[in-house]
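Q: Position one of the sequence shown corresponds to residue 4 (the working numbering), numbered consecutively onward.
The beta-carbon is built from N, C-alpha and C at its ideal position, and this holds for glycine as well.
Computed from a predicted model, the values in this text were never measured in an experiment.
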Amino acid sequence: MTETPAFDDARYDFHAIEERWLPVWEERQPFRSGRENDARPTKYVLDMFPYPSGDLHMGHAEAYALGDVIARHWVQKGFNVLHPIGWDSFGLPAENAAIKRGIDPAGWTEDNIAQQLRSMKRYACSFDWDRVLMTHRPDYYRWNQWIFTRMFEKGLAYRKPSQVNWCPNDQTVLANEQVVGGLCERCDTPVTKKKLTQWYFKVTEYADELLDGLETLRGAWPDKVIAMQRNWIGRSTGADVKFRIEGRDEPIDIYTTRPDTLHGATFMVVAVDSELAAELAADADEETRAAFATYLEKVRGESEIDRLSTEREKTGVFLQRHAVNPVNGERLPIWASDYVLADYGHGAIMAVPAHDQRDLDFAKAMDLPVRTVLDCRDEDGAELPDPAESGVATTGDGTLVNSGSLDGLAKAEAIAAIIAELDAAGTGAEAVNYRLRDWLISRQRYWGTPIPIVHCDDCGEVPVPDDQLPVVLPPAEGLDLKPKGQSPLAAATDWVNTTCPRCGAAALRDTDTMDTFVDSSWYFLRYLDPTNTDAPFDVEDAKRWAPIDQYVGGVTHAILHLLYARFFTKALRDMGMVDFGEPFSALLNQGMVQMDGSAMSKSRGNLVRLSEQLDEFGVDAVRLTMAFAGPPEDDIDWADVSPAGSAKFLARAWRLARDVTSEPGVDPAAGDAALRAHTHRTLKDSQELVESFRFNVVVARVMELVNVTRKAIDSGAGPADPAVREAAEVVAILLSLVAPYCAEDMWSMLGHEDVALATYPAVDESLLVEETVTCIVQVKGKVRDRLEVAPGIGEDELRELALATDGARRAIGDAGIRAVIVRAPKLVNIVPA
Ligand code: ANZ
Ligand code: ZN
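1. Suppose the cutoff is 7 Å on Cβ atoms and the five residues either side in sequence are ignored; what does the same chain contact list for L566 look like?
2. Under a three-way DSSP split, which group does Q79 fall into?
3. Using 10 angstroms around the beta-carbon of E729, count the other beta-carbons present and answer buried if the total reaches 16, otherwise exposed.
4. In or out: T5 buried (at least 16 other Cβ within 10 Å) or exposed?
5. Excluding sequence positions up to five away, which residues of its chain have a Cβ less than 6 Å from the Cβ of D12?
6. Using three-state DSSP, classify A210 as helix, strand or coil.
7. To the nearest whole angstrom, what separates the beta carbons of T375 and N405, a pair I think is in contact under 8 Å?
8. Restricting to Cα atoms, I'd like to know which of E615, Q616 and D599 is closest to G608.
9. Considering Cα atoms alone, identify which of P828, R448, V474 and F587 is closest to R140.
10. Hey, would you say D426 sits closer than 8 Å to K414, going by beta carbons?
11. Among the residues of its own chain, which have a CB less than 7 Å from the CB of W132, if the five just before and after it don't count?
12. Per DSSP, R334 forms a beta bridge with which residues?
13. Please confirm whether A339 and V244 have their CB atoms less than 8 Å apart.
14. Would you list the one or two residues that DSSP bridges to A74?
15. Please classify R821 as buried or exposed, where buried requires at least 16 other C-beta atoms within 10 Å of its C-beta.
16. Is A207 near the ligand ANZ, judged by its Cβ being under 7 Å from some heavy atom?
17. Nearest to A715 by alpha carbon, out of V663, L531 and R529?
18. Measure the alpha-carbon distance for V669 versus A660 and round it to whole angstroms.
19. Spell out the partners DSSP gives M137 in its beta bridges.
20. According to DSSP, what are the bridge partners of I824?
21. According to DSSP, simplified to helix, strand and coil, what is P486?
22. Under a Cβ-count criterion, where at least 16 other Cβ atoms within 10 Å of its own Cβ denotes burial, should C506 be classed as buried or exposed?
23. With three or more C-beta pairs closer than 8 Å as the rule, is the region 441-460 touching the region 191-208?
24. Whole angstroms are fine: how far does the CA of L738 sit from the CA of C745?
25. For V823 and R802, what's the separation of their Cα atoms in angstroms?
26. For A357 and T397, which I take to be in contact (beta-carbon distance under 8 Å), what is that distance rounded to the nearest angstrom?
27. Whole angstroms are fine: how far does the CA of P96 sit from the CA of S524?
28. Based on Cα-Cα distance, which residue from W28, G648 and D532 lies nearest to C128?
29. Looking only at C-alpha atoms, which of E464, R826, P486 and Q166 sits nearest to E98?
30. Where does H18 land, buried or exposed, given buried means 16+ other C-beta within 10 angstroms?
31. Within its chain, find whatever has a CB closer than 6 Å to the CB of C359; leave out the 5 residues flanking it on each side and keep chain order.
32. For the candidate residues L790, A818 and N83, whose alpha-carbon lies nearest to that of A807?
33. Measure the Cβ-Cβ separation of F295 and V320 and say whether it is below 8 Å.
34. Going by C-alpha to C-alpha distance, which of V705, D191 and S695 sits closest to W686?
35. Just the Cα atoms here: how many angstroms apart are R23 and I639?
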């Protein structure tokens, strides 16, 4: 920033300004979005809603500052903008805090929400306060239940027993997505497995669409997020192959991405925790059965990540059974091991140690044969070392060997040929596999949406009819909320005991609650009509406002939340409730706010308190600092930024409005031409810069305009010049994107009202014709031509213009060009070859 005068706090008093405008906005509600009869085009700008786990922190302050730039920009551009907020208010943080303090999660949650709401208003977020929603309120979760019953009817919600991720600390199941590096996402406890009957949403039904839909988001979503979602869905193509097992009637299926290596299979491996392994082991001798049982016990506690790690020593038990290779009749020993997962593919593999590293490690550990079936070469065409000797599997392309009819084929040809062969023989077929699993949504915790199912001895699982929704959570009072492996709701016997909605017999309520990611999977549609008591949202409202034009939030939600919301949207589309399949047309991920190089935390002692920053520097300065810190995707280190500098700049901007002496409405045409050109250029560029998320550049440009205007007042056109008023008004309008209090105060000193609703003045293009500079075109250092160019011309454009001049072309003749040195805007020197 250029030099600024000393902070004039006697005049620019941000405390007084905040106190002046907050009650005015509270009364005027400038951001109540138009509902009916509003002819303006619509924009839906959405910030990810917060957990009410305490007061707002620096991370919220960044996210809302940036989201506000976008929302306020579209308002000022003349759009009918929907920019709502609410609270993701169910979930473990509230429940655990409540357990620790022996209080009711509802009261704790409501208190935090009230506090956050006050802070958001103080922070001047441009939210529509008429549309606030809270997911822990029955009028919201009623519709979770309603959607659940629709999903249940369509087979998209179902219950099944399976091995699930279990957090021994939180005493609850976790979705695969909530296990990070083998640890519980919430508490970092190592996750174990447990066999339980649980509720699932059938996300896999939409696996292909979830994957293919990502392509339509390219360019509008960060590449990184698209890549993470792709990996998570993890579609792979290969083949299912049937292997006969000696002494068993049924063959087994295995999934492989490399059917071309079928002749190189030297053993089979089944997941030790699969049903097949248990069945095969049951027939083995006593010693093997005992070894198997011991091994299984040990594996139970292992995480998926560990099991798949290539670093670990391989372990396993020979089951004393054999399979038969369908292509060559070879007998293959069957082993049980942990490195094969029970719930991927078919939970069993053919092992090809020469071409798969984990199989090779296992073969080495168990002294099993290795057979090369692909001749793989390095880049120079040299043969790679034999895997059996080197211990390194060759996994690349190559030519088939030792493979009967496939010999001599390249890998891709061999894959096609063997699939055709297996198809014809009825022993295999092409197959697609996904890493994506169905979404486990039931939780054995209190603070969530009760699953709206009644279990009846005669009728089975019966959904609660619409007219009996919501199934309201029983009061926490009297219940022991401590995690104990069974839902705390089970103890609420009056609540649990009910009658079957179908046959009227005595029946029991389901006692699990829904994963809170259910709440956030469709909340953006509830904002359209948050008090609707007939439906989760109105189909016509959805047509009018959705999908979301711009979603803003942290990259931490790159997989879970966004994937689930996309799944819900597709399911709702198939129920005829929305007419689109992708909920978020564009996504901006803001970075994190750090302190001294690391994430802020109390224990690390580097926590910066938002409330203290606001008290010391003012809301506007903090918001401006967030926007000015750098590209929004980058992390901000609070140690490297200067909210004090921001406050000084705001004072300087504010004084422009104070100094203007012309009357509102004065015609600027007669004003200082250079200042007018600068003002209109800034006005035009800033709008484009906002739309490409370069908020920091917008701030820099406004700073420049403030300096130029100050100069005009002090030593140029003077405070009465109409161009000075025009410039000060544009500064106020642009500043209202980032510093709404200062902007409103300036606007009012300039004789107007409601800066946030003031639309951008029209850009006068005729003012943008800049004066030109003369550019010298040299060839080998000799002046050959001259060009008249704009002072801001880009290097590439100038290079092309210079190369095209007559003088340059004549001097270069047929010689090629070795180098062009561009010093925009004044000089281009061409060096011919
Ligand atoms: C034989 C083979 C030969 C394989 C070779 C690879 C290389 P993606 O791409 O992730 O789908 N696999 C199959 N089911 C498995 C399970 N339940 N647990 C662990 N591994 C399993 O991976 C598919 C490959 O992973 C399959 O292809 C199989 O090993 C293994 F040179 O089969 B392959
Ligand atoms: Zn019944």
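A: According to the structure shown:
1. So the qualifying residues of the chain are L213, Q232 and W235.
2. DSSP, reduced to helix, strand and coil, places Q79 within a helical segment of the structure shown.
3. Taking all protein chains in view, the Cβ of E729 is crowded by 16 or more other Cβ atoms within 10 Å, so the residue is classified as buried.
4. Confidence is the limiting factor: at T5 the pLDDT is only 38, short of 50, which leaves the residue's position unreliable and the question unanswerable from this model.
5. Any reading at D12 needs caution, since the residue's pLDDT is 47, under 50, leaving its predicted position unreliable; the model's value is listed next. None.
6. In this structure, A210 counts as helix in the three-state DSSP scheme.
7. Contact flag correct, Cβ pair sits at about 7 Å.
8. Minimum Cα distance to G608 is reached at D599.
9. Comparing Cα-Cα distances from R140 to each of P828, R448, V474 and F587, the minimum goes to V474.
10. No, the Cβ-Cβ distance between D426 and K414 is not below 8 Å.
11. Non-local C-beta neighbours of W132 in its own chain, meaning closer than 7 Å and more than five positions away in sequence, comprise Q32, ordered along the chain.
12. In the DSSP assignment, the residues bridged to R334 are V327.
13. In this structure, V244 does not lie closer than 8 Å to A339 by Cβ.
14. Beta-bridge pairing links A74 to no other residue.
15. Classification of R821: exposed, given that the 10 Å Cβ count is below 16.
16. As written in the sequence, residue 207 is Thr, which differs from the Ala given in the question. No, since every heavy atom of the ligand ANZ falls outside the 7 Å radius drawn around the Cβ of T207.
17. In terms of CA proximity to A715, V663 leads the group V663, L531 and R529.
18. CA-CA distance, V669 to A660, rounds to 15 Å.
19. Within the DSSP secondary-structure output, M137 pairs in a beta bridge with W90.
20. Beta-bridge partners of I824 (DSSP): N832.
21. In the displayed model, P486 falls within coil according to three-state DSSP, outside both helix and strand.
22. Label assigned to C506: exposed.
23. As far as the Cβ criterion goes, the region 191-208 touches the region 441-460, which means the pair count is three or higher.
24. Spanning the alpha carbons of C745 and L738 requires a straight line of approximately 8 Å.
25. A straight-line Cα-Cα distance of about 7 Å links V823 and R802.
26. The beta-carbon distance between A357 and T397, rounded to whole angstroms, is 7 Å. This is short enough to meet the 8 Å contact definition.
27. The alpha-carbon atoms of S524 and P96 are separated by roughly 19 Å.
28. The shortest C-alpha separation from C128 is found at W28.
29. Relative to E98, the option among E464, R826, P486 and Q166 whose CA is nearest is P486.
30. H18 is exposed by the Cβ-count criterion.
31. According to the sequence displayed, residue 359 carries Asp and not Cys. Cβ within range, chain order: A396.
32. For A807, the nearest C-alpha among the options comes from L790.
33. Between F295 and V320, the gap from beta carbon to beta carbon is short of 8 Å.
34. According to the sequence displayed, residue 686 carries Leu and not Trp. Residue V705 is the option with its Cα nearest to L686.
35. The alpha-carbon atoms of R23 and I639 are separated by roughly 31 Å.
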